[in-house]
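Residue numbers (this note's numbering): 22 to 267.
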Ligand code: NAP
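Written out as structure tokens, the structure is:
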């Protein structure tokens with residue numbers, strides 16, 4: 022079987038306003054897909070979609086808000102609702118890399134609510150149409166943090182272990198269909214992630230500068246597009262992508 026053709030297929034990227042999600046939007050557009058770019062920061066999405074009418078649709082989405090996720094499809098224009106695939110990049114580690122007693126419960130539960138419940142909500146909002154068609158592709162963003170725990174990572178690690186279990190479960194539930202389910206597990210990738218964790222651009226820059234190696238968001242977008250363009254009989258179940266120098 023040949024490469025899976027994404028031309029004119031509709032793909033939703035949740036968490037498209039920066040980092041891995043924004044790079045994935047660009048690469049999917051390069052494959053000829055029509056891309057719904059969703060996140061909270063609409064101005065970022067509008068500049069991504071600028072000059073690409075019919076190809077890129079900005080959509081306001083807060084995955085931590087059940088109503089926002091549940092109403093996602095009905096808020097899309099008619100011609101955008103037949104969604105082939107979804108890439109769930111929405112996630113954060115706000116208040117993370119701290120000992121468990123050094124952040125409050127609301128911060129910790131926000132990480133779980135966004136990374137875990139948010140991923141579940143987005144998939145739930147799209148799965149009915151995929152199940153009815155019997156085809157589709159769900160891509161989640163796990164992490165090396167979902168394989169190996171580190172100090173100060175209890176909550177973020179828990180969230181990414183959960184994403185892995187959820188993704189494995191989805192794959193099993195739809196194994197008798199042509200719905201593909203992929204988990205991408207990036208190593209350290211230079212995005213806005215560390216800045217959003219600490220709310221401090223200088224600290225984030227230092228963190229990435231002092232790492233032995235980092236990936237670019239495009240490196241992860243490449244892995245996502247690889248999985249999504251694999252022949253239809255191939256399910257790329259997990260892809261662990263790490264910097265060469267670690
Ligand atoms: P990033 O540049 O900070 O991007 C995070 C994206 O998530 C943004 O588009 C943000 O958009 C969106 N987001 C956050 N909360 C949201 C919410 N409640 N509703 C909708 N969108 C939300 O970080 P990134 O590195 O690209 O992260 C993308 C994914 O990769 C995350 O799941 C992260 O855990 C995972 N990951 C990252 C690394 C890394 O080293 N960077 C490694 C492994 C895995 P808005 O703020 O506009 O909503």
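Ideal Cβ placement from N, Cα and C applies to all residues, glycine included.
Exercise for the section: Helix, strand or coil for residue 118, going by three-state DSSP, please let me know. Expected result: coil
Practice task
Taking residue 209 as part of the alpha helix (DSSP H), name the residues at either end of that continuous run.
Solution key: Taken as a continuous stretch (DSSP letters only), residue 209 belongs to no alpha helix (DSSP H), as it is neither H nor E.
Practice task
Answer with buried or exposed for residue 249, where buried requires no fewer than 16 other C-beta atoms within 10 angstroms of its C-beta.
Solution key: buried
Practice task
Please name the residue, chosen from 222, 211, 160, 210, that lies closest to residue 192 on a Cα-to-Cα basis.
Solution key: 160
Exercise for the section: Pull up the distance between the alpha-carbon of residue 275 and that of residue 22, whole angstroms please. Expected result: The displayed coordinates of the chain run from 22 to 267. Any statement about residue 275 would go beyond what the structure contains.
Problem - Selected residue, minimal CA-CA separation from residue 14, among 180, 25, 98 - result: This structure leaves residue 14 out entirely; the chain is present only between 22 and 267.
Exercise for the section: Going by CA-CA distance only, name the one from 205, 225, 199 that's closest to residue 254. Expected result: 199
Exercise for the section: Please look up how many angstroms separate the CB atoms of residue 77 and residue 32, rounded, as I've assumed it's under 8 Å. Expected result: Not quite, the Cβ-Cβ distance comes to about 10 Å (not below 8 Å), so this is no contact.
Exercise for the section: Taking 7 Å as the cut-off, decide whether the C-beta atoms of residue 215 and residue 228 are in contact. Expected result: yes
Problem - Residues bridged to residue 262 (per DSSP) - result: 207
Problem - Paired residues, beta bridge with residue 59 - DSSP - result: 35, 80
Handout entry: Selection from 28, 49, 27, 35 that minimises the alpha carbon distance to residue 337
Key = The structure shown does not extend to residue 337, since the chain is modelled only from 22 to 267, so the question has no answer here.
Practice task
Inspect the beta-carbon positions of residue 206 and residue 175 and report whether they are closer than 7 Å.
Solution key: no
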